[in-house]
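Novice:
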Amino acid sequence: MTTSRRTDHLVLPGVLTAEQAAQTVAGILAAQREDGAIPWFRGHHLDPWDHTEAAMALDAAGEHEAAARAYAWLARHQNDDGSWYAAYHDGDADNVTDHGRESNFCAYIAVGVWHHYLTTGDEAFLDRMWPSVFAAVEFVLGLQQPGGQIGWKREPDGTAVNDALLTGSSSIHHALRCALAIAEEREELQPDWELATGALAHAIRHHPERFLDKDHYSMDWYYPVLGGAVTGAEAKARIESRWDDFVVPALGVRCVLPNPWVTGGESCELALALWAMGESDRALEILQSIGHLRAEDGMYWTGYVFEGERAMWPEELTTWTAGSLLLAVAALGGDEATTAVFGGERLPRGLAGDCCGLV
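Just remember that the numbering used here sits 2 ahead of the position in the sequence shown, which is counted from 1.
#1: Where does Ile370 sit, in a helix, a strand or coil, going by DSSP?
#2: Count the CB pairs spanning the stretch 59-69 and the stretch 341-354 that are closer than 8 Å, and state whether there are at least three.
#3: Run through the stretch 114-185 for me and flag every whole beta strand (DSSP E) of 3 or more residues, listed as ranges in chain order.
#4: Measure the beta-carbon distance from Ala324 to Tyr306 and round it to whole angstroms, keeping in mind my assumption that it falls under 8 Å.
#5: Put Met314 into one of helix, strand or coil per three-state DSSP.
#6: With a threshold of 7 Å on Cβ separation, who are the neighbours of Ala393 within its own chain once the five nearest residues in sequence on each side are excluded?
#7: Return the CA-CA distance between Leu167 and Ile152, expressed in angstroms with no decimal places.
#8: For a test of the three-state rule: what should DSSP assign to Trp223, helix, strand or coil?
#9: Between the stretch 197-211 and the stretch 131-138, do three or more beta carbon pairs fall short of 8 Å?
#10: Can you list, in chain order, the residues of its chain with a C-beta nearer than 8 Å to that of Ile292? Leave out the 5 residues immediately preceding and following it.
#11: Buried or exposed: which applies to Arg312, given that a residue is buried once 16 or more other Cβ atoms fall within 10 Å of its Cβ?
#12: Would you check if there are 3 or more beta carbon pairs closer than 8 Å linking the stretch 36-44 to the stretch 11-22?
#13: List in chain order: all unbroken beta strand (DSSP E) runs of 3+ residues lying wholly within the stretch 228-266.
#14: So for His209, helix, strand or coil by DSSP?
#15: Reducing DSSP to helix, strand and coil, say where Gly345 ends up.
#16: Taking all protein chains shown into account, decide if Arg156 is buried (16 or more other Cβ within 10 angstroms of its Cβ) or exposed.
#17: Note down the Cα distance separating Arg207 from Trp245, rounded to an integer number of angstroms.
#18: What number of angstroms, rounded off, separates the C-alpha of Asn261 from the C-alpha of Ile241?
#19: Rounded to a whole number of angstroms, what is the C-alpha to C-alpha distance between Thr4 and Ala62?
#20: Consult DSSP for Ala297 and reduce its assignment to one of helix, strand or coil.
#21: On a Cα-Cα basis, can you pick out the residue from Phe248, Ala77 and Ala88 that is closest to Pro50?
#22: Taking the alpha helix (DSSP H) that Ala33 falls in, what are its first and last residues?
#23: What residues in its chain sit with their C-beta under 6 Å from that of Gly229, if we drop five residues either side in the sequence?
#24: Output the boundary residues of the alpha helix (DSSP H) element that contains Ala333.
#25: Taking the alpha helix (DSSP H) that His91 falls in, what are its first and last residues?
#26: Quick one: using the 10 Å Cβ neighbour count with 16 as the cut-off for buried, is Thr161 buried or exposed?
#27: I'd like the span of the beta strand (DSSP E) that includes Tyr306, first residue to last.
#28: If you follow the beta strand (DSSP E) that Asp100 is part of, which residue opens it and which one closes it?
#29: Can you list, in chain order, the residues of its chain with a C-beta nearer than 8 Å to that of Gln146? Leave out the 5 residues immediately preceding and following it.
#30: Please classify Gly280: is it buried, with 16 or more other beta-carbons within 10 angstroms of its beta-carbon, or exposed?
#31: Taking only three categories from DSSP, how would you classify Glu104?
#32: With DSSP run on the structure shown, which of helix, strand or coil describes Leu214?
#33: Considering only residues of the same chain and omitting the five flanking positions on each side of His53, which have a CB-CB separation below 6 Å?
#34: Closer than 7 Å by C-beta to His218: which residues in its own chain qualify, once you throw out the five before and the five after it? Chain order, please.
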């Protein structure tokens, strides 16, 4: 497959040309190890969530073999309880640097696997990955609390941390919907997962008090929308309510208040959330605003401090930042698999909280 055929749908005015898209894809491929692992950058750590995000970007660019190797890495290195560790140095499974097991990190495999299947139509891949997806979901739901929210992680000794993060739980909500789609495709319905998904959505929409207070982080602002729990008029109202707090015109999206720091990942994720809401024009503006984060090699700096020293910080070019940009561009460009996964219209919703007697 030629480069132009891989990247013609990744052309977006003011964001990427076909040549620039190909360069960014090549940057992610260069960071991937032969065994399939995709660390943040070579010599840094791998975490399962960002590894999966980069793999999804490779699929969006037509690099299906490389993406499949990334998912095979996950399958090979899954723990017996269905989890993965939070950090592996340079993707080396024998060099774990954080033995915690975070629920959000472990759930995201379902999003990636469903995206790869929709991109390739590879039923054998879905069959191979189903045991890993099933085990990961069961691990995650083992941390669900009576109020529907998902506990953050298990400590290295197995102790459950039951405090829930809104961003993480919102991402898990998305992952559970993708897991339900996989189960339906395989005709292996999971009613317990449906109940869990409905309870989680209910908590996200109606019970902010069940989550740790992190509202100075932009992710807690837009992730309930990006994860599909908050939609329609409620989504629009949520985004409008803090737009001026987090969006810095012509620079991107702040990571955390009050820091004068915009980040590429948060900017691209907000763009995806805006696109899912039907606001493609504003999504495009956000993506255009972070062109200043693009490096000469086609990768993207993690963030930029826009007051004082005015510098790129930290000085790192991350695969997940590049990956999030490619996925946002793919969605705006109408890539079928990416729009299906992040648009969510065809994803199962689980059982509504009202049907479950939740309050």
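By construction, the Cβ of each residue, glycine as well, lies at the ideal position given by its N, Cα and C atoms.
In this text, all values refer to a predicted model and were calculated from it rather than measured experimentally.
Specialist: To lay it out plainly:
#1: There is no way to answer for residue 370, as the model of the chain reaches only from 3 to 361.
#2: With a cut-off of 8 Å, the stretch 341-354 and the stretch 59-69 do not count as touching, because too few Cβ pairs lie within range.
#3: For the stretch 114-185, whole beta strand (DSSP E) runs of length 3 or above, ordered along the chain, are 153-156 and 162-166.
#4: Distance from Ala324 to Tyr306 at the Cβ level is roughly 15 Å; contact not present, criterion being Cβ atoms closer than 8 Å.
#5: Under the three-state reduction of DSSP output, Met314 falls in the strand class.
#6: No answer is possible for residue 393: the residues shown for the chain start at 3 and end at 361.
#7: Cα to Cα, Leu167 sits roughly 8 Å from Ile152.
#8: Reduced to three states, the DSSP call for Trp223 is helix.
#9: Output reads no: the stretch 131-138 does not touch the stretch 197-211.
#10: Only Leu253, Gly254, Val264, Gly266, Ser269, Cys270, Tyr302 and Leu327 meet the Cβ criterion.
#11: Exposed, since its Cβ has fewer than 16 Cβ neighbours within 10 Å.
#12: Contact between the stretch 36-44 and the stretch 11-22 is absent, with fewer than three C-beta pairs closer than 8 Å.
#13: The stretch 228-266 contains these whole beta strand (DSSP E) runs: 254-256 and 263-265.
#14: If DSSP states are grouped into helix, strand and coil, His209 belongs with coil.
#15: Correct three-state label for Gly345: helix.
#16: Counting the other Cβ atoms within 10 Å of the Cβ of Arg156 gives 16 or more, which makes it buried.
#17: Straight-line Cα distance between these residues: approximately 19 Å.
#18: The straight-line gap from Cα to Cα measures roughly 20 Å.
#19: In this predicted model, Thr4 has a pLDDT of only 37, less than 50, meaning its place in the structure is not dependable; the value taken from the coordinates is given anyway. So the alpha carbons of these two residues sit roughly 14 Å apart.
#20: Ala297: coil per DSSP, three-state reduction.
#21: Measuring C-alpha to C-alpha distances from Pro50 to each of Phe248, Ala77 and Ala88 identifies Ala88 as the nearest.
#22: DSSP places Ala33 inside the alpha helix (DSSP H), whose first and last residues are Ala20 to Ala33.
#23: Same-chain partners within the cutoff: Ser172, Ser173, His175 and His176.
#24: Residues Thr321 to Leu334.
#25: Not the alpha helix (DSSP H): His91 falls in the beta strand (DSSP E), residues Ala89 to His91.
#26: The Cβ neighbour count for Thr161, taken over all protein chains shown within 10 Å, is under 16; the residue is labelled exposed.
#27: First-last of the beta strand (DSSP E) with Tyr306: Gly305 to Val307.
#28: Residue range Val98 to Asp100 is occupied by the beta strand (DSSP E) that includes Asp100.
#29: So the list reads Ile152, Gly153, Ala198, Ala201 and Leu202, once near-sequence residues are dropped.
#30: Exposed.
#31: Strand.
#32: Look at Leu214 here: in three-state DSSP terms it is coil, with no helix or strand label.
#33: So the list reads Ile40, once near-sequence residues are dropped.
#34: Correct list, in chain order: Val258 and Leu259.
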